[in-house]
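Visitor: These protein sequence lines are chains R and G, in that order. FYI, the numbering for the first sequence is 125 to 529, going by my numbering. FYI, the numbering for the second sequence is 911 to 983, going by my numbering. Glycine is no exception: its CB is placed at the ideal position from the N, C-alpha and C atoms. Once you've had a glance at the structure underneath, I'll fire off some questions.
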Amino acid sequence: MVFEEKGIYTVHEFTLAVKSILTSGTFNDVWIRGEISNFTNHSSGHRYFTLKDKSSSLQCVMFKWYGKNMGFELEHGMKVLVLGDLDVYEQRGVYQLKVRAIRPDGIGELYKAFEQLKNKLAMEGLFSPEHKKPLPRYPKKIGVATSPTGVVLHDILTVIKRRYPVSLLFIPTIVQGEYAAQSIVSSISALNKTDVDVIIMGRGGGSIEDLWAFNEEVVARAIFNSRIPIISAVGHETDYTIADFVADVRAPTPSAAAELAVPDRAELANHVSRLGDRLIENQRRSIREGLSNLSELTAGVEPRVLMERIADNMQYIDEITQRQILSLKRILEARKSLFNAHAGKLDAVSPLGTLLRGYSITLKLPEETLVRSIGDVKKKDELSIIVNDGKIKCKVNDKEVCTWK
Amino acid sequence: MEMSFEESLAELEGIVEKLEKGQLSLDESLMLFEKGIKLVRECNDRLKNAQQKVEQLIEENGELRTEKFEVEE
Numbered sequence: 125m126v127f128e129e130k131g132i133y134t135v136h137e138f139t140l141a142v143k144s145i146l147t148s149g150t151f152n153d154v155w156i157r158g159e160i161s162n163f164t165n166h167s168s169g170h171r172y173f174t175l176k177d178k179s180s181s182l183q184c185v186m187f188k189w190y191g192k193n194m195g196f197e198l199e200h201g202m203k204v205l206v207l208g209d210l211d212v213y214e215q216r217g218v219y220q221l222k223v224r225a226i227r228p229d230g231i232g233e234l235y236k237a238f239e240q241l242k243n244k245l246a247m248e249g250l251f252s253p254e255h256k257k258p259l260p261r262y263p264k265k266i267g268v269a270t271s272p273t274g275v276v277l278h279d280i281l282t283v284i285k286r287r288y289p290v291s292l293l294f295i296p297t298i299v300q301g302e303y304a305a306q307s308i309v310s311s312i313s314a315l316n317k318t319d320v321d322v323i324i325m326g327r328g329g330g331s332i333e334d335l336w337a338f339n340e341e342v343v344a345r346a347i348f349n350s351r352i353p354i355i356s357a358v359g360h361e362t363d364y365t366i367a368d369f370v371a372d373v374r375a376p377t378p379s380a381a382a383e384l385a386v387p388d389r390a391e392l393a394n395h396v397s398r399l400g401d402r403l404i405e406n407q408r409r410s411i412r413e414g415l416s417n418l419s420e421l422t423a424g425v426e427p428r429v430l431m432e433r434i435a436d437n438m439q440y441i442d443e444i445t446q447r448q449i450l451s452l453k454r455i456l457e458a459r460k461s462l463f464n465a466h467a468g469k470l471d472a473v474s475p476l477g478t479l480l481r482g483y484s485i486t487l488k489l490p491e492e493t494l495v496r497s498i499g500d501v502k503k504k505d506e507l508s509i510i511v512n513d514g515k516i517k518c519k520v521n522d523k524e525v526c527t528w529k
Numbered sequence: 911m912e913m914s915f916e917e918s919l920a921e922l923e924g925i926v927e928k929l930e931k932g933q934l935s936l937d938e939s940l941m942l943f944e945k946g947i948k949l950v951r952e953c954n955d956r957l958k959n960a961q962q963k964v965e966q967l968i969e970e971n972g973e974l975r976t977e978k979f980e981v982e983e
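In structure tokens form, the structure reads like this:
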């Protein structure tokens, strides 16, 4: 076998021939498990690394448009699952994997990625309480995004039917596997175009790998950007996903989510009937009060009562009159005693007292003028001498001057 | 426009509170009482008649439509 018979390839032709075999489809869309090494995050945004295990290694490239929503960063030694297509890099004649997606592999790696994303989103404030939207107290329509199979939907429907039957809008959603994240995102976005007033997003329990879609950044951002409040119910009570942190309310289970979404009809009916009782009781009381008010007023205008009132008034008038008489009497008494006092004083200076002591008053008649001096009378004048107990009429016989002092 | 359950309940609660505070004329309180009893009846009816309607949201060629969703018991 000589080269004349087989023909001769150029290097490039050969490379293309190999490439056409390797990229024909057998190695498209393959998942490969391995460990990251020689990782370079190139300034162009493309990621170059070697995927290896104990015995082999594989060159990988992830172009930046595939890597932009990864939610975690590659690290040396990280165990991963990569999805990609085999390709040949012609310039160097080496085969390599063109990577389209990378998943952390193994619990440890998943937790690492989980922590990385959780910290990043927390820094951005996606979990802050001020971004939490309040749930409506009485929702009219509830959106449910979950798997059409499985008990989650059944649990939610049953609880809501029992508690408070409202309308439900169910959107079948893939909650596990490669397409789950995209499906959850598009369900949230579709429900945001409807008239539901709260969304329950859930799936049953599972391993961290099973729940992984709810730890993806695109899902977290879709929840954050939802106009409608979202209740997350992912896994069991002990499972926490990034979605739970971003959601407006986290429910430990799908049934609990349903309970959080609607009020309890029986409780509400109780509340309404208590309000009704209060209305009736209040109205009874106010009518009772009105009646008793009325009967008080009626009693006030009865004739017997009027007579009583008049009698009361008459008695009062009598009492007042009596008091007036008494006070007049008191005033008279006071005047009388004042008068007596004055009379006594008058007595003391009265000429009558002087007469009693033996003095007398001489008046000349007929004029009855007071005689003070011998000059006031002449011989033969008629005189009246007033003494204590009467008058003496006499005539002047003689007069003589005397000096007494 | 018909009031929602939430609005009816809120109004009923308001009426009960107002009545219990007193200070209303008998006429006013009778009027409120009548309204309140009507609201109690409305709220009860609404609670009794609440029906679970389940629909499925389907996205097809970028269009959203809903159809009845059969729940197997």
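Which residue marks the beginning of the beta strand (DSSP E) containing M438/R, and which one marks its end?
Guide: Where M438/R is concerned, there is no enclosing beta strand (DSSP E), although the alpha helix (DSSP H) it sits in stretches over 427-473.
Visitor: Is any beta-carbon of chain G found at less than 9 Å from that of G208/R?
Guide: It does not: the Cβ of G208/R has no partner Cβ on chain G nearer than 9 Å.
Visitor: Look at N339/R and L234/R and say whether their C-beta atoms are less than 9 Å apart.
Guide: Yes.
Visitor: Spell out whether any CB of chain R is found under 9 Å from the CB atom of E970/G.
Guide: Chain R, which has no Cβ nearer than 9 Å to the Cβ of E970/G, makes this no.
Visitor: How long is the line joining the alpha carbons of V276/R and V223/R, rounded to whole angstroms?
Guide: Approximately 34 Å between the Cα atoms of the pair.
Visitor: Taking 8 Å as the threshold, find out whether the segment 250-263 of chain R comes into contact with the segment 320-328 of chain R through three or more Cβ pairs.
Guide: Cβ pair count under 8 Å is three or more, so yes.
Visitor: Under 9 Å, do T377/R and H360/R count as touching if we go by C-beta distance?
Guide: Yes.
Visitor: Considering only the alpha carbon of each residue, which of G301/R, S311/R, W336/R, E391/R lies closest to L293/R?
Guide: Cα-wise, what sits closest to L293/R is S311/R.
Visitor: Which residues, taken in chain order from the segment 943-965 of chain G, show a beta carbon closer than 9 Å to some beta carbon of chain R?
Guide: Of all residues in the segment 943-965 of chain G, F943, G946, I947, L949, V950, R951, C953, N954, L957, K958, A960, Q961, Q962, K963, V964, E965 have a Cβ within less than 9 Å of some Cβ in chain R.
Visitor: Please confirm if L259/R has its CB atom under 9 Å from at least one CB of chain G.
Guide: No, no contact with chain G.
Visitor: Do three or more CB pairs link the segment 133-147 of chain R to the segment 170-178 of chain R at distances below 8 Å?
Guide: Touching, no, given that fewer than three Cβ pairs across the two stretches are closer than 8 Å.
Visitor: Can you tell me whether C526/R is helix, strand or coil according to DSSP?
Guide: If DSSP states are grouped into helix, strand and coil, C526/R belongs with coil.
Visitor: Residue range of the alpha helix (DSSP H) that V299/R falls in?
Guide: Careful: V299/R lies outside any alpha helix (DSSP H) and carries neither H nor E.
Visitor: Curious, which full-length alpha helix (DSSP H) runs of at least 4 residues does the segment 325-390 of chain R contain?
Guide: Within the segment 325-390 of chain R, the complete alpha helix (DSSP H) runs of at least 4 residues are 341-349, 366-370, 378-385.
Visitor: Do you know how far the Cα of G169/R is from the Cα of F187/R?
Guide: Their Cα atoms are separated by approximately 7 Å.
Visitor: For S181/R, collect the residues of the same chain with a Cβ closer than 6 Å to its Cβ; drop the 5 residues on either side in sequence, then sort them by chain order.
Guide: The answer, listed in chain order, is T174.
Visitor: Does the distance from the C-beta atom of I298/R to that of S271/R stay below 9 Å?
Guide: In this structure, S271/R lies closer than 9 Å to I298/R by Cβ.
Visitor: Is A225/R closer than 9 Å to E302/R when the C-beta atoms are compared?
Guide: The answer is yes: Cβ separation under 9 Å.
Visitor: What does the Cβ neighbour count give for H202/R, buried or exposed, with the cut at 16 atoms within 10 Å?
Guide: For the record, residue 202/R in the displayed sequence is Met; it is not His. Burial call: buried.
Visitor: Run through the segment 131-179 of chain R for me and flag every whole beta strand (DSSP E) of 3 or more residues, listed as ranges in chain order.
Guide: Entirely contained in the segment 131-179 of chain R, the beta strand (DSSP E) runs reaching 3 residues are, in chain order, 154-165, 171-176.
Visitor: Between the Cα of L205/R and those of D229/R, E197/R, G191/R, R216/R, spot the shortest distance and give me the residue it belongs to.
Guide: Considering only alpha carbons, the answer is D229/R.
Visitor: Within 8 Å, do at least three Cβ pairs link the segment 915-933 of chain G to the segment 375-389 of chain R?
Guide: Touching, no.
Visitor: What is the rounded straight-line gap between the Cα of K317/R and the Cα of E214/R?
Guide: In a straight line, the C-alpha of K317/R is about 48 Å away from that of E214/R.
Visitor: With a Cβ-Cβ cutoff of 9 Å, do D505/R and K488/R count as a contact?
Guide: A contact, by the Cβ cut-off of 9 Å.
Visitor: Leaving out five residues before and five after G274/R in sequence, what residues of the same chain have Cβ atoms less than 7 Å from its Cβ?
Guide: For G274/R, where only same-chain residues beyond five positions count, the Cβ hits under 7 Å are G328.
Visitor: Nearest CA to the CA of I968/G: which residue from Q962/G, L934/G, K978/G?
Guide: Ranking Q962/G, L934/G, K978/G by Cα distance to I968/G puts K978/G first.
Visitor: Just curious, the alpha helix (DSSP H) that Y235/R is in, first and last residue?
Guide: Looking at the DSSP string, the run of the alpha helix (DSSP H) that includes Y235/R is 231-248.
Visitor: How close, in whole Å, do the beta carbons of L241/R and G195/R come, if the pair is a contact with beta carbons under 8 Å?
Guide: Indeed they touch by this definition, with Cβ atoms about 5 Å apart.
Visitor: In terms of residues, what are the limits of the beta strand (DSSP E) holding A269/R?
Guide: Counting along the chain, the beta strand (DSSP E) containing A269/R begins and ends at 265-270.
Visitor: Could you check where the beta strand (DSSP E) with V964/G kicks off and where it finishes?
Guide: V964/G -> beta strand (DSSP E) spans 964-970.
Visitor: S935/G versus chain R: which residues are under 9 Å apart at the beta carbon?
Guide: The contacting residues do not exist; S935/G stays about 10 Å from chain R at best.
Visitor: For D937/G, count the other beta carbons within 10 Å of its own beta carbon; 16 or more makes it buried, fewer makes it exposed. Which is it?
Guide: Classification for D937/G: exposed.
Visitor: Could you pull the DSSP bridge partners for R227/R from this structure?
Guide: Looking at the DSSP assignment, R227/R forms a beta bridge with L205/R.
Visitor: Could you tell me how far apart the beta carbons of A534/R and A314/R are, in whole angstroms, since I believe they sit closer than 8 Å?
Guide: What the structure shows of chain R is the stretch from 125 to 529, and residue 534/R is not part of that stretch, so it cannot be assessed.
Visitor: Taking the beta strand (DSSP E) that G514/R falls in, what are its first and last residues?
Guide: Start and end: 514-519.
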